[in-house]
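These protein sequences, in sequence, are chains A and B.
Its first residue numbered 1, the first sequence is counted upward by one per residue in the working numbering.
Its first residue numbered 1, the second sequence is counted upward by one per residue in the working numbering.
Beta carbons are placed, not taken as given, at the ideal position from N, Cα and C, and that holds for glycine.
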Amino acid sequence: MSKVRVLVGTRKGAFILTADGKRDKWEVNGPYFAGWEMYHVKGSPADPNRIYASQTSGWFGQILQRSSDGGKTWETPGGEKMPKPGEIPAGQSNKFVYDTSPETGKPLTTHEFYDGTQHPWEFKRVWHLEPSLTDPDTVYAGVEDAAIFRTTDGAKTWHELAGLRGHGTGPKWQPGAGGLGLHTIILDPSNPGRIYIAISAAGAFRTDDAGKTWKPINRGLKSSYIPDPNAEVGHCVHHMAMHRLRPNVLFMQKHWDVMRSDNAGDLWQEVSGNLPTDFGFVIDVHAHEPETIYVVPIKSDSEHFPLEGKLRVYRSRTGGNEWEALTKGLPQSNCYVNVLRDAMAVDQLDSCGVYFGTTGGQVYASSDAGDNWAPIVRDLPAVLSVEVQTLP
Amino acid sequence: MIRVILPQHLRTLARVEGEVQVEVVGLATQRSVLDALEARYPMLCGTMRDHATQKRRPFIRFFACEEDLSLESPDTPLPEAVATGAEPFLVVGAIAGG
C-alpha cells in the first residue's frame, strides 16, 4: 500500500509525519534540529529517500542538512570528515556567496532598500529548496537577499545562477515585509531549461536556458501599492503553483489578487472571482485535476488571519473565478492563525490529499481533495513549510 | 591544547558534548582557534564568522578569563591562561530574542 510522508518545517525544528494510504493514522517524528528555524524541508522526486532541509538561525546563520534514508539520519554535506588533498574543501554546504566575477557579477552590487536607497546584497538564509526532478544531487536554492543558487554535488557546494540578479532590474527590487526573499522555484517537467521563480517584492521571472538568462514575467499584474501599478518589476508575489501536466499554466497568489497565466507567465489575468478576500500566501493545484486549485484567504495585509476567525480553504474547480469554501473539520470560530506561502502541499494518491500548516502549529490534512479536514498534529511550533512525498 | 566551550546549538551541530579541545599551531588567537575548530568540525564553518568576510557573526561573542574579547582583533594573542589550557575559550550566543 502507498505511504505518505509529510515534511514540516517550523520555527523551532522539523517534523516528519507518516501514514499509510488511508491517511487516518499518523506517526509524528521530531523535532529534528530542535530550536532552529526550519524554513523548508523537501524530498527529491528522483530519490525519495534523499531529503534536503534549510536550517537557519539569527545567531549561527545558515546550515544545510541532507538525509539519504528518508529522514531517519541527517548530515551536513561536506561536514562529515576532513578533506583529503584535492577534494572539495569541507564546510562549504552553507556557503552562499554571491557571484562577483567580472563576467557576471559586475552589475550585481545593490538592490533597493525599504527607504528607497540602494543597499548591498547580503545573504541571510535559504527560504526554499527545490530538488531536481531527475538528479538527487542537484538542488536549487532560493535565498534572501534574493538570488538563486544551485548545487550539483548533493549540497556540498553551491553556485549562484547570477543571470537572474544580473539581467538588469535588480537595483529596482525591494524587500517585502519578510525580507527580499526568493521563495518560489518551479521546474518545468516538460522542458529542463525552463524554471520559474518568484521574489518578494520583485515579482515572477522565467529562464528558458537553465538559468543563464532570465526575464520578468509580470505583465497583467496590477499592484496599487507601488508607484507604477503596472511596473515590470516590484510586485509582491507570494507564491506560485503549476500542474505537472500543464506546465504553461501558472497560478499565483499575489499580495492581493489571485492570478493565472495560460502562456508561461507572459500575461496574467485575475481570477479572484468570488473570494471573500484575495489576500493570502499559499496556492496549490490538485494532483490530478489541473483546473482545481486551492487558496487560504487571509483578511488583509495588516491583519494576517482568516476573515471572521473562520479557517477556510477555498477551492476552485474551474481554474479560478468560481470558488467554494471548504470548512468541514476546520475551526469556524476564534481562529486567528496564518498559513505561510510554502505551507501547503498535495499528495499524488488517487484520492488527492491536501495538507497545510498554520502559524498556530496545526497541520491539517484532507484525504478527499479538501471536502473533509482533520488535524494531524495541533501543537507544533509555528509552521513555516509543508511538503508531501507519496511513497510506493 | 586549547579548551573551547561552544553554545548548545553548535555542540549539537558538531555532535560533541561538553568542552572540545583543539591544537593550534603558533600563537593562540581568535583566528587560530577558530581555524582549528573549523578544520576539526567543518560543519561549524560559517556559524561563528561569516563565510565570505570572516568577520564574527553579529550575535556571537567570545569570552575568556571573565573578559569579553569579541571586539579584539582576531590576531590578538589570547590570554596566557587560555593558551596553556588553564581557562577555556567561550563561544557565546548573544542573549537576544526567543
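Where residue i sits in the DSSP three-state scheme
i      : result
B:S32  : helix
A:V363 : strand
A:Q92  : coil
A:E122 : coil
A:L17  : strand
A:R317 : coil
B:E38  : helix
A:M259 : strand
A:P375 : strand
B:P77  : strand
A:G280 : strand
B:E17  : coil
A:L307 : helix
A:P48  : coil
A:G176 : strand
A:P77  : coil
A:P171 : helix
B:L44  : helix
A:S101 : coil
A:L349 : coil
A:R312 : coil
A:H394 : Past the boundaries of the shown model lies residue 394 of chain A; chain A is included only from 1 to 392, so the question cannot be answered.
B:V24  : coil
A:H128 : strand
A:R23  : coil
B:D68  : strand
A:V285 : strand
A:G181 : strand
Limits of the beta strand (DSSP E) - the one that residue i falls within
i      : result
B:L90  : F89 to G93
B:E82  : It should be pointed out that residue 82 of chain B corresponds to Val in this sequence rather than to Glu. No beta strand (DSSP E) holds B:V82; the alpha helix (DSSP H) holding it covers E80 to A83.
A:H111 : T110 to E112
A:Q389 : V383 to L391
A:T151 : A147 to T151
A:V6   : K3 to T10
A:A141 : V139 to E144
A:T40  : The residue asked about is misnamed: residue 40 of chain A is His in this sequence, not Thr. Here the beta strand (DSSP E) through A:H40 covers E37 to G43.
B:F59  : Note, B:F59: premise wrong, no beta strand (DSSP E); not H, not E.
A:V337 : No beta strand (DSSP E) holds A:V337; DSSP gives it neither H nor E.
A:S57  : I51 to S57
A:E27  : E27 to Y32
A:Y355 : V354 to G357
A:A325 : E324 to L326
A:S67  : G61 to S67
B:R3   : I2 to I5
A:P297 : I293 to I298
Residue i CB to nearest heavy atom of the ligand NAP below 8 angstroms
i     : result
A:S67 : Ligands in the displayed structure: none, and consequently the ligand NAP is not present.
Contacts that residue i makes with chain B (C-beta to C-beta distance below 9 angstroms)
i     : result
A:K95 : C45, G46, H51 and A52
Chain-ordered chain B contacts of residue i [CB-CB under 7 angstroms]
i      : result
A:A90  : P42
A:G461 : Because chain A in this structure spans residues 1 to 392, residue 461 of chain A falls outside the shown range and cannot be described.
Chain A residues whose Cβ lies nearer than 8 angstroms to that of residue i
i     : result
B:E38 : G91
Residue range of the alpha helix (DSSP H) that includes residue i
i      : result
B:Q131 : Here chain B has residues from 1 to 98 only, and residue 131 of chain B is not among them.
A:L164 : G163 to G166
Which ranges would you report for the beta strand (DSSP E) in the region 184-253 of chain A if only whole runs of at least 3 residues count?
195-200, 203-207 and 237-243
Can you list, in chain order, the residues of the region 11-34 of chain B whose Cβ is nearer than 9 angstroms to any Cβ on chain A?
T12, L13 and A14
The region 55-85 of chain B: positions lying closer than 7 angstroms to chain A by Cβ:
R57, F59 and I60
Selection of the region 41-53 of chain B by Cβ proximity to chain A, strictly under 9 angstroms:
Y41, P42, M43, L44, C45, G46, T47, M48, D50, H51 and A52
Contacting positions in the region 47-63 of chain A - beta carbon closer than 9 angstroms to chain B
Within the region 47-63 of chain A, the qualifying residues are Q55, S57, G58, W59, F60, G61, Q62 and I63.
Chain-ordered residues of the region 196-224 of chain A with a beta carbon less than 7 angstroms from chain B
none
Short-range partners of chain B found in the region 67-79 of chain A, where Cβ spacing is below 9 angstroms
Under the 9 angstroms Cβ criterion, the region 67-79 of chain A contributes E75, T76, G78 and G79.
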